[in-house]
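Chemist:
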Amino acid sequence: MSGLLLDYLPILIFTAIALVISFAFLAMPLIMAPAAPDDEKHSTYECGFPAFDDSRMKFDIRFYLVAILFIVFDLEVAFLFPWAVSLGEVGPYAFWAMMVFLGELIIGYIYAWKVGALEWD
Amino acid sequence: MEIETLLPALAFYLFAGVAVISALMVVIARNPVRSVLFLIMTFFSAAALFVMLGAEFLALLLIVVYVGAVAVLFLFVVMMLDVDFVELKQGFAEYLPLGALLSFVLAVELIILGATFRIPKEFVAQTPITADVSNIEAFGRVLYTDYAFFFEAAGLILLVAMIGAILLTLSTKKDVKRQKVCEQVSRTPKDGLKRVDVKPGEGI
Amino acid sequence: MADFGSNMAALLPEIILVISGLVLLLVGAFAGKKAVPAINLTIVGILLLVAVLVLLRIPDAALSLFDGALRLDALAVFGKFAALLASALGLWLAYGYLKTDKRLTTEFGVLILFAALGMMIMVSATDLLALYVGIEMQSLALYVLAASNRDSLRSSESGLKYFVLGALSSGLLLYGASLIYGFSGSLRFEGIAAAIANDASVGLVVGIVFLLSGLAFKISAAPFHMWTPDVYEGAPTPVTAFFSVAPKIAAVILIARILFDPFLQMLADWQQVVIAISVLSMVVGYLGAIMQRNIKRMMAYSSIANMGYALIAIASGTAGGLSGLLIYMVLYAITTLGIFACILAMRRAEGMVEQMDDLAGLSRSQPALAIGLTILLFSVAGIPPIAGFFGKYFIFLAAMQANLLWLAIFGAVASVIGAFVYIRVVKIIWFDEPPQQDFVPVSRVQAILVASSATLMLPAAIWFLPALYEWSEIVALSLFAGG
């Protein structure tokens, strides 16, 4: 096994343990917990969504706008990782390249803020 | 067998198997929400496979961008659209022969392509990654220097996407009271308090 | 980074565009509704200014920028100038229309500006990555513009259709690009050309065919035209006018560059594909156009057929073909803009109308507009003394010189059928009984555009065609001389 994969061995073990534990917690109630369902237990708690209903209903379009803006800035962050790792070697040119990139998106951010895309009325 | 070769092989078959099965489930799951959840599982196993190839950055992107953002958006879309999927599947049998034919043609094309593929010699020589440079660092070395133009253009594309999303979905309701942080913070007792000299027995 | 300064200097027009786009976006956000018309007019001015700047800075020899990612040569200058001018005129046309309807926004102008930037990258791309980045920047802005009238169901539908099919075509394009990269080992056109000279494998053929399919989507050539009529009909009319001109010029030049630069050695392989697409486009375009009663849908099919002619020029694979292509695209752009200015003038007191029959009796109610529209329709039909004829003539000439006589004959026959489509509209204008209600008077912008485009089409504009011919000749020779 190469050194790189060895670095990830703890994560593999961690994943395995997480899987075992989560399945155990799913399985245990099936065996041990008392089950006596009635209508009252299945009904909606207080003012929440109906628990067993068609999940497709009309959402406010704002959720979508927030999700899109999140993707845009998520991608921006994804570009930051290699930059942070290699900045020591690539020098000032790369530094300013990133500053221009961030500048473009900061202008977008100011625009989004100013027109009220980040507000929820 | 040695543990050094057994473990990666085991991990590969595990992740590849999970990826293939969950990709299949994406297609055949009845509930579209489940399809999306299986899609997330496929992304995860693919990320693990990328790690095993040494492409750590791609694995990271897959988890941060695809699982973290794109899949969530898929869920939104699936939940937002009021589509009757049972009705959609009604024409399935009708289109099956044509679909099968198309898939067959595509499969043949892929096989022909795979059979004729040979890696050009120069291509092998160009492989830049050396053992002591990590994948993500190799990206960083070229992305912000040699490929700086594309990098900046990508930033502009993201900006265009942002403007577009805002233009298409933002609607400001007129009669809603919004927070105005600046005004609220700069408010002094003077603005809010008024001393009124009330005469006894008259009220205000 | 020693070449940093020279790269930046060569990209000055693009940089001006980016900075003004960013600044105007912020100005629009802060200044609110009052500044919207001024901002849009400023963008028109900036696009025109940058177009002039591009012309003033023609380099003596072709400049390779960013290590071969972009090339600033005569073709790029031609394409940038045409795309910028078309974008500016498109926005100007939209400005008057949207202002009347109170639907003008800052974002509208800014998106057109970024679309124009995408086109500038497209026409100068000599790298698969640059090609893709340019196309995406342009398309993303166009998808949004198509859906920009949010209150109209048809506009949203057209935006969605355009987006889904556009994404599919980008997928095809990327698949082709990745195959080309895989089999040639290079993203740069130079490297690809070297790999082809070394060994032209089957993988490269499959790659270029996929790439061509993706690009055919962008220029709406059959059989990748399905989105065109719906998108043209549903999108706001000034956006349709913009769609049918500027992006087409950029995409056609892009196709010409990739086929004539690295892939010219594989002419025999891609020529049949281009011929097939071209023939299909002419047939589908004209047969579809005959069926239409809605003038925007008719223009959609007409543009499909026109792309078929452009592809004849590309199929010839010669310098003559390239110069014919450029002449044809310029004439097409001018005529289309003029016709759309007329379509935008089809406004009654209660709103816009788009049926051909609404043009009935235009000759009596607005004779000037009727004459202008007639000249433009004759031009796009290719009827002799009008300039549109010469556009087709040079294309057929190039096809014959490339031993594609039958294709030229096919094109000529198709254009006779096509002439029926346009002459039918002329008949409605001149001979049908006018309806009760007249159109509202044309706006100044529309009048200027119709008048100038119709005048350029007339033989009276004697300087125009020779000048265009000379310029396109220089461009074509410079690309084929390897400069």
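Protein chains in written order, with our numbering: chain A, 1 to 121; chain B, 1 to 204; chain C, 1 to 483. Even glycine gets a Cβ: it sits at the ideal position worked out from N, Cα and C. Here the structure is a predicted model, which means the values were calculated and not measured.
#1: So is isoleucine 121 of chain C buried or exposed if we call it buried at 16+ other beta carbons inside 10 Å?
#2: In chain order, what residues of the same chain have a beta carbon less than 6 Å from the beta carbon of phenylalanine 217 of chain C, not counting five sequence neighbours either side?
#3: Please work out which residues of its chain come closer than 8 Å, Cβ to Cβ, to alanine 35 of chain C, disregarding the five sequence neighbours upstream and downstream, and give them in chain order.
#4: Put leucine 62 of chain B into one of helix, strand or coil per three-state DSSP.
#5: To which residues of the same chain is phenylalanine 464 of chain C closer than 8 Å at the C-beta, ignoring the five residues directly before and after it?
#6: Using DSSP bridges, identify the partner residues of alanine 485 of chain C.
#7: Please list, in chain order, all residues of the same chain as phenylalanine 38 of chain B whose beta carbon is under 7 Å from its beta carbon, the five residues on each side excluded.
#8: By the criterion of Cβ-Cβ separation under 7 Å, what are the contact partners of arginine 141 of chain B in chain A?
#9: Quick test of your reading: alanine 51 of chain C and phenylalanine 81 of chain C, contact by CB under 8 Å. State the CB separation rounded to the nearest angstrom.
#10: With a threshold of 8 Å on Cβ separation, who are the neighbours of valine 72 of chain A within its own chain once the five nearest residues in sequence on each side are excluded?
#11: Do we get a CB-CB distance below 9 Å when we pair alanine 241 of chain C with the residues of chain A?
#12: Using the Cβ count rule (16 or more neighbours within 10 Å means buried), how would you classify alanine 125 of chain B?
#13: What is the DSSP secondary structure of glutamine 138 of chain C, reduced to helix, strand or coil?
#14: Does the contact criterion of 3 or more C-beta pairs under 8 Å hold for the region 316–335 of chain C versus the region 462–476 of chain C?
#15: Since alanine 134 of chain C contacts alanine 146 of chain C with CB under 8 Å, what's their CB separation in whole angstroms?
#16: Note the first and the last residue of the continuous beta strand (DSSP E) segment covering leucine 174 of chain C.
#17: Just to confirm, are alanine 417 of chain C and leucine 287 of chain C a CB contact at a threshold of 9 Å?
#18: If we ignore side chains and look at the alpha-carbon of each, how far apart do methionine 99 of chain A and alanine 381 of chain C end up?
#19: Taking all protein chains shown into account, decide if glutamate 350 of chain C is buried (16 or more other Cβ within 10 angstroms of its Cβ) or exposed.
#20: Tell me whether glycine 317 of chain C sits in a helix, a strand or coil according to DSSP, three-state version.
#21: Counting Cβ pairs, one atom from each stretch, are 3 or more of them under 8 Å apart for the region 440–457 of chain C and the region 92–101 of chain C?
#22: May I have the straight-line CA-CA distance separating phenylalanine 151 of chain B from tyrosine 144 of chain B, to the nearest angstrom?
#23: Less than 9 Å between the beta carbons of valine 112 of chain C and serine 87 of chain C, yes or no?
#24: Give a yes or no on whether the minimum CB-CB distance between valine 36 of chain B and chain E is below 9 Å.
#25: How would you label proline 171 of chain C, buried or exposed, when you count the other beta carbons within 10 angstroms and need 16 or more for buried?
#26: Assign leucine 30 of chain A to one of three DSSP states: helix, strand, or coil.
#27: Quick one: list the residues of chain C neighbouring tyrosine 111 of chain A, beta-carbon separation under 7 Å, in chain order.
#28: Out of C:Leu72, C:Asn40, C:Ile43, C:Leu41, point me to the one whose CA is closest to leucine 12 of chain C's CA.
#29: What number of angstroms, rounded off, separates the C-alpha of glycine 109 of chain C from the C-alpha of isoleucine 304 of chain C?
#30: Would you call the region 61–75 of chain A and the region 56–65 of chain B touching, i.e. three or more CB-CB distances under 8 Å?
#31: Phenylalanine 79 of chain A and phenylalanine 95 of chain A - do their beta-carbons sit closer together than 9 Å?
#32: Closer than 9 Å, Cβ to Cβ, to anything on chain C: give me those residues from the region 47–58 of chain B, in chain order.
#33: At what residues does the alpha helix (DSSP H) containing serine 415 of chain C begin and finish?
#34: Run the CB neighbour count on cysteine 182 of chain B, radius 10 Å, all protein chains shown included, and call it buried at 16 or more, exposed below.
#35: Mind checking if leucine 159 of chain B is an interface residue toward chain C, Cβ cutoff 9 Å exclusive?
#36: Just to confirm, are tyrosine 64 of chain A and isoleucine 163 of chain B a CB contact at a threshold of 9 Å?
Modeler: Working from what's here:
#1: buried
#2: Ser169, Phe224
#3: Val27, Gly28, Thr106
#4: Helix, per DSSP.
#5: The residues are Ala387, Leu456.
#6: Residue 485 of chain C lies beyond the stretch modelled for chain C, which goes from 1 to 483, so this question has no answer here.
#7: Ser22, Met25, Val26, Ala29
#8: Ser86, Glu89, Val90
#9: 5 Å
#10: Cβ within range, chain order: Leu105, Gly108.
#11: Judged by the 9 Å Cβ criterion, alanine 241 of chain C is not in contact with chain A.
#12: For alanine 125 of chain B, the predicted model reports a pLDDT of 48, less than 50, meaning its position is unreliable; a value from the coordinates is still stated below. When all chains shown are included, alanine 125 of chain B counts as exposed.
#13: Helix, per DSSP.
#14: Two segments are said to touch when three or more pairs of C-beta atoms, one from each, lie closer than 8 Å; by this definition the region 316–335 of chain C touches the region 462–476 of chain C.
#15: Looking at the sequence itself, residue 134 of chain C is glycine, so the reference to alanine does not match. No, glycine 134 of chain C and alanine 146 of chain C are not in contact; Cβ-Cβ is about 19 Å, not under 8 Å.
#16: Taken as a continuous stretch (DSSP letters only), leucine 174 of chain C belongs to no beta strand (DSSP E), being part of the alpha helix (DSSP H) at 153–184.
#17: Checking the displayed sequence, the identity of residue 417 of chain C turns out to be isoleucine instead of alanine. Yes; because the gap between Cβ atoms is below 9 Å, this pair is in contact.
#18: 52 Å
#19: exposed
#20: Note: glycine 317 of chain C maps to coil in three-state DSSP.
#21: yes
#22: If you take the alpha carbons of phenylalanine 151 of chain B and tyrosine 144 of chain B, they lie about 7 Å apart.
#23: Reading the sequence as shown, one finds isoleucine at residue 112 of chain C and not valine. Going by C-beta atoms, isoleucine 112 of chain C is nearer than 9 Å to serine 87 of chain C.
#24: Among the protein chains in the structure shown, which are A, B and C, there is no chain E.
#25: Note that residue 171 of chain C is glycine in the sequence shown, not proline. Label assigned to glycine 171 of chain C: exposed.
#26: helix
#27: Leu25, Leu26, Ala29
#28: Considering only alpha carbons, the answer is C:Leu72.
#29: 27 Å
#30: yes
#31: By the CB criterion at 9 Å, phenylalanine 95 of chain A and phenylalanine 79 of chain A fall outside the cutoff.
#32: none
#33: 405–431
#34: Exposed: under 16 other Cβ atoms inside 10 Å.
#35: yes
#36: Result no, Cβ atoms of tyrosine 64 of chain A and isoleucine 163 of chain B do not sit closer than 9 Å.
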